[in-house]
Structures are given as C-alpha cells and as structure tokens.
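All you need for my numbering is the position in the sequence shown, starting with 1, plus 531.
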Amino acid sequence: MEIVNKEQRTKAYWFFVLFFVLTVTIVVVAMFANVHFPFEENKLLKEKNAKLEKDIAIQNHFAADLEKVKVAMDSIGVSNLKDDFFNEKLAFSILTDMYKPFLKSDTLTNKNMYNNTILICKQYIDAKKHIKKLTADRVLLDSLNDINQILQEEYDKMKVDLEVCKQLYQNQ
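As structure tokens, then:
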C-alpha cells in the first residue's frame with residue numbers, strides 16, 4: 532500500500548519545519564531583545580544620571596562659591612579702604628576660580644548662564660567701587676563747597692571793609 536498524497540505530505544512537513552524554525556527564531560530573537568534592550572537602556576540611563584549628578588554637583592559648587600562672592604561683595608564699601616581692597620581681591624579671586632571649571636567642562640548645558648552670572652558679579656563689584664569713588668568725590672566736593680562758602684563770606688566781609696576804608700580815606 533502506497534501513500535497517495537506523499538508529495539503533499541512531504542511538502543506540508545517541510546512547511547511545518549520551516550514555520551516551526553521561523554517561529555522558534557522569532558521567539559528567541561524576541562527573548563534576546565527583551566533581555567538585552569533593558570540592559571542597554573539601563574546603561575544609557577546610568578550615563579545620563581551620572582551626567583545630571585555631575586551637573587548638580589557643579590551647580591551646588593557654583594552656588595556655594597557665589598554665596599562667598601556675595602559675602603565679599605556685600606562687605607565692599609561697608610568698612611575701611613584696606614578691607615575693601617582685600618574683599619574686592621577675594622571676590623575677584625573666587626570669580627576666577629569659579630570660571631576655570633567651565634573652560635574645560637563640556638557637559639554643562641547652561642554655560643552662558645554661568646558666564647553671565649560671573650560677568651554680572653564682576654560688573655557689580657566695579658559698580659560698587661565706582662559708587663564708593665563717587666561718594667568720596669561727593670564728600671570732597673561738599674567740603675570744597677563749604678570752604679568756598681566760607682571764603683566767599685570772608686571775601687564779602689573784606690569787600691565791605693575795603694569799601695569802608697575807601698570811604699574813610701576819601702573823607703580825610
């Protein structure tokens with residue numbers, strides 16, 4: 532007894548094998564992707580997290596240094612001239628130290644903000660120096676005005692005395 536549809540059965544068997552292998556391959560690839568991609572994603576997330584932590588550390592360091600600069604800037608013009616010089620130099624020194632990490636750092640996204648903050652602090656220090664100089668000039672100007680008024684009063688008295696002397700001389 533010979534099989535009548537042997538060719539169809541053989542063909543069906545090979546289709547079954549082909550689709551079975553294809554299904555097993557798809558399942559294996561899906562399992563590999565399911566296992567591999569989360570590890571890749573975790574790796575990328577860890578790198579991103581490390582970058583963010585580094586940025587936060589830089590921001591915290593920047594904020595602490597900015598607080599030191601603020602203290603030095605606020606003390607300019609409050610005490611005597613010698614302390615102002617040292618406070619000004621301290622503030623500029625801290626600003627310089629704050630700027631150095633940004634020259635070599637490529638990770639910061641807001642470099643312009645940091646640079647502008649540093650420049651504004653420098654301009655603020657310069658403005659405080661200018662205000663102190665103008666205040667000193669105003670004090671000098673006020674004292675010169677007082678001297679001028681005193682001299683003007685003396686001049687007026689001398690002028691009156693001179694007029695009196697002239698009248699006395701002419702009456703003689």
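Ideal Cβ positions, reconstructed from N, Cα and C, are used throughout, including at glycine.
Secondary structure of Val535, DSSP reduced to three states: In the sequence shown, counting from the first residue as 1, residue 535 sits at position 4. For Val535, the three-state secondary structure derived from DSSP is coil.
Exposed unless 16 or more other CB atoms sit within 10 angstroms - verdict on Val691: The residue you call residue 691 lines up with position 160 of the sequence shown. So Val691 ends up on the exposed side.
Nearest to Asp615 (by Cα), restricted to the options Gln539, Ile662, Glu533: Numbered from its first residue, the sequence shown carries residue 615 at position 84. Measuring from the Cα of Asp615, the nearest candidate turns out to be Ile662.
Distance between beta carbons of Ala622 and Ile656, contact taken as under 8 Å: Here the question's residue 656 lines up with position 125 in the sequence shown. Here the question's residue 622 lines up with position 91 in the sequence shown. Indeed, because the Cβ distance is near 6 Å, the residues count as touching under 8 Å.
Coarse secondary structure for Asn641, derived from DSSP in three states: As a first step, residue 641 is located in the sequence shown; it is residue number 110 there, counting from the start. In the structure shown, Asn641 falls within a coil segment according to DSSP collapsed to helix, strand and coil.
Cβ shell of Arg540 (< 8 Å), same chain only, five flanking positions each side left out: As a first step, residue 540 is located in the sequence shown; it is residue number 9 there, counting from the start. Once the five neighbours on either side are set aside, the close Cβ partners of Arg540 are Ile534.
Cβ-Cβ distance between Asp596 and Ile557 below 7 Å: Position 65 of the sequence shown, counted from the first residue, corresponds to residue 596. Position 26 of the sequence shown, counted from the first residue, corresponds to residue 557. Against a cut-off of 7 Å, the Cβ pair of Ile557 and Asp596 comes out as no contact.
6 Å Cβ shell around Tyr630 - same chain, five flanking residues per side excluded: Translated into positions along the sequence shown, residue 630 becomes position 99. Apart from sequence neighbours up to five positions away, the residues of its chain that approach Tyr630 with a beta-carbon distance below 6 Å are Ile649, ordered along the chain.
Three-state secondary structure (DSSP) of Val559: In the sequence shown, residue 559 corresponds to position 28, counting from 1. The DSSP-derived three-state label of Val559 is helix.
Candidates Asn702, Lys697, Glu578, Ile651: closest to Lys601 by CA position: Locating residue 601 in the sequence shown gives position 70, where the first residue counts as 1. Taking the Cα of Lys601 as reference, the smallest distance to any Cα among Asn702, Lys697, Glu578, Ile651 is reached at Ile651.
Cα-Cα separation between Phe593 and Glu572, rounded to whole angstroms: By one-based count along the sequence shown, residue 593 stands at place 62. By one-based count along the sequence shown, residue 572 stands at place 41. About 31 Å.
Where Glu694 falls, given that 16 or more other Cβ within 10 Å makes a residue buried: Sequence index remark: in the sequence shown, residue 694 carries index 163 (1-based). Counting of Cβ neighbours within 10 angstroms places Glu694 among the exposed residues, the total staying below 16.
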